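J.: This is the structure, below, for whatever I ask next.
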Amino acid sequence: MKEGKPLTEDQLQQWIVDEFRARGLTSAEPPIVAVQPNNGNPHYEPKAGSSRPIRAGDLLLLDIWAKREIAGSVYYDITWVGYLGNRVPDSYAKIFRIVREARDNAVKFIQEAVAKGREIHGWEVDKVARKTIEKAGYGKYFVHRTGHSIGQEVHGNGANMDGLETRDDRKIVPHTCFSIEPGIYLPEFGIRSEVNVYVDEKEARVTGAVQEEILPLLV
């Protein structure tokens with residue numbers, strides 16, 4: 208990269224891949240690195256030579272998944288968003304709050320059900336998150352399932368939190384892990400917040416840090 212030339216999405220993506228490798232981590236696919244409007248596409252993949260530069264004033268979405276290069280390792284899969292400035296615009300903060308509420312409502316629903324020993328299915332979790340976003344008036348902009356099973360593959364073979372792409376009737380059972388990752392994808396920009404949830408016999412817990420607000424990355 209030439210001095211004074213902005214970093215591009217694919218260059219940041221490659222830097223993350225190199226850092227994974229240096230730390231004994233592996234991933235079947237590279238992470239998603241997206242600034243607006245590309246982060247309005249939940250399945251965007253930056254490509255060398257065609258990705259956007261990352262500049263001051265951009266909203267940056269990072270969807271990162273990896274596991275240790277050891278047999279039997281399980282993936283960790285998270286999405287965080289940051290703003291390349293010292294004050295997050297109200298338009299971004301508003302959408303993040305709605306997405307955060309959908310995420311937290313889904314997690315709470317799971318935790319309460321597991322604590323009470325009540326059976327729940329993947330589609331029910333999706334319904335809770337989707338209802339939150341619909342109530343805020345953005346239902347048509349939540350265009351994918353709420354979450355997917357996670358195991359030794361980033362998309363595992365357990366229950367998905369899905370009432371949109373399919374209706375996943377499988378029960379959420381102990382000793383399984385999955386993502387909760389609602390999002391709102393507007394033409395101008397998109398926001399997603401993703402955590403991982405592990406379930407045992409009596410408790411469901413979020414593994415790792417939880418993003419509570421968009422991070423201002425330039426102060």
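Each residue of the sequence shown is one higher than the one before, starting from 208 at the first, in the numbering used here. Note that CB positions come from ideal geometry on N, CA and C, so glycine has one too. As the structure is a prediction and not an experimental result, all values here were calculated from the model.
(1) Classify lysine 209: buried if its beta carbon has 16 or more other beta carbons within 10 angstroms, exposed otherwise.
(2) Cα separation between proline 394 and isoleucine 327?
(3) Thinking alanine 336 and alanine 313 are a contact (beta carbons under 8 angstroms), I'd like their distance in whole angstroms, please.
(4) Can isoleucine 379 and isoleucine 317 be called in contact, C-beta distance under 8 angstroms?
(5) Classify arginine 307 as buried or exposed, calling it buried when 16 or more other Cβ atoms lie within 10 Å of its own Cβ.
(6) Note down, in chain order, each residue of its chain lying with its Cβ closer than 8 angstroms to the Cβ of leucine 424, except the 5 sequence neighbours on either side.
(7) Please go through the same chain and pick out, in chain order, the residues whose beta-carbon is closer than 6 angstroms to the beta-carbon of leucine 219, but skip the five residues on each side of it.
(8) Give the DSSP-derived three-state secondary structure of asparagine 312 in the structure shown.
(9) Would proline 244 pass as a contact of phenylalanine 396 if the rule is Cβ separation under 8 angstroms?
(10) Within 10 angstroms of the Cβ of arginine 325, are there 16 or more other Cβ atoms? Answer buried if so, exposed if not.
(11) Our contact map puts threonine 353 next to isoleucine 387 with C-beta atoms below 8 angstroms; I'd like the distance itself, whole angstroms only.
(12) From Gly247, Glu360, Ser400 and Ala411, pick the residue whose C-alpha is nearest to that of tryptophan 436; which is it?
T.: According to the structure data:
(1) Reading the sequence shown from its first residue, position 2 is the one you call residue 209. In this prediction, lysine 209 scores a pLDDT of 48, lower than 50, which makes its location untrustworthy; the coordinate-derived value is nonetheless stated afterwards. Under this definition lysine 209 is an exposed residue.
(2) Indexing the sequence shown from 1 puts residue 394 at position 187. Indexing the sequence shown from 1 puts residue 327 at position 120. Each residue's Cα considered, the two are about 34 angstroms apart.
(3) The residue labelled residue 336 in the question sits at position 129 within the sequence shown. The residue labelled residue 313 in the question sits at position 106 within the sequence shown. That belief holds up - the Cβ atoms of alanine 336 and alanine 313 are roughly 4 angstroms apart, short of 8 angstroms.
(4) Numbered from its first residue, the sequence shown carries residue 379 at position 172. Numbered from its first residue, the sequence shown carries residue 317 at position 110. For isoleucine 379 and isoleucine 317, yes; Cβs fall inside 8 angstroms.
(5) Position 100 of the sequence shown, counted from the first residue, corresponds to residue 307. Per the 10 Å Cβ criterion, buried.
(6) By 1-based counting over the sequence shown, the position of residue 424 is 217. Contacts found: Leu267, Gly289, Tyr290, Leu291 and Gly292.
(7) Reading the sequence shown from its first residue, position 12 is the one you call residue 219. Once the five neighbours on either side are set aside, the close Cβ partners of leucine 219 are Val240.
(8) The residue given as residue 312 occupies position 105 in the sequence shown. Three-state result, asparagine 312: helix.
(9) Residue numbering aside, residue 244 sits at position 37 when the sequence shown is read from its first letter. Residue numbering aside, residue 396 sits at position 189 when the sequence shown is read from its first letter. Yes. Within cutoff.
(10) Looking up residue 325 in the sequence shown gives position 118. Burial call: exposed.
(11) By 1-based counting over the sequence shown, the position of residue 353 is 146. By 1-based counting over the sequence shown, the position of residue 387 is 180. Rounded, the Cβ-Cβ distance is 6 angstroms, consistent with contact.
(12) Since the first residue shown for the chain is 208 and the last is 426, residue 436 is missing from the structure and cannot be characterised.
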